[in-house]
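Residue numbers (my numbering): 14 to 122.
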């Protein structure tokens with residue numbers, strides 16, 4: 014399995030993403046929200062149930078009262094806290110150093 018850490022809010026089941034989802038992820042956190050009109054909580058839970066059959070760590074968090082835009086509406090702090098706690102529980106290597114910022118296109122003009 015890859016060292017990919019993935020957060021999946023909803024589960025778009027289209028031919029373009031099937032290959033990515035055929036193999037289990039090493040770490041996967043699925044999120045669902047009550048008022049999501051793009052991907053129903055049922056679909057997200059179903060994708061979670063499939064993934065959790067693997068040996069990989071797989072978790073699910075549900076956010077009542079929120080829509081598909083979890084991090085862009087009131088209550089985003091709760092979502093961020095869940096994600097932060099989930100990441101803290103993983104045995105992750107130190108982060109790679111940040112890349113230098115890209116040069117501004119305006120500066121070159």
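Heads up, the beta-carbon is just placed ideally off N, CA and C, and yes, glycines get one too.
- Every unbroken stretch of the beta strand (DSSP E) spanning 3 or more residues and falling wholly within the region 51-92 is given here in chain order: 70-76.
- Taking 8 Å as the upper bound for CB-CB distance, residue 75 and residue 91 are not in contact here, some 11 Å apart.
- Distance from the CA of residue 63 to the CA of residue 45, rounded to the nearest whole angstrom, comes to 15 Å.
- Within the same chain, 43, 73 come within 6 Å of residue 61 by CB-CB distance, once the 5 residues on both sides are set aside.
- In this structure, the CA atom of residue 40 is about 22 Å from the CA atom of residue 81.
- Excluding residues up to 5 positions away in sequence, 54, 75, 76, 77, 78, 79 lie with their Cβ nearer than 8 Å to the Cβ of residue 47 in the same chain.
- Each residue's CA atom was taken as its position, placing residue 93 and residue 106 some 21 Å apart.
- Considering only 85, 71, 113, the residue with the shortest C-alpha distance to residue 100 is 71.
- When the alpha-carbon of residue 49 is set against those of 67, 95, 86, the nearest one is in 86.
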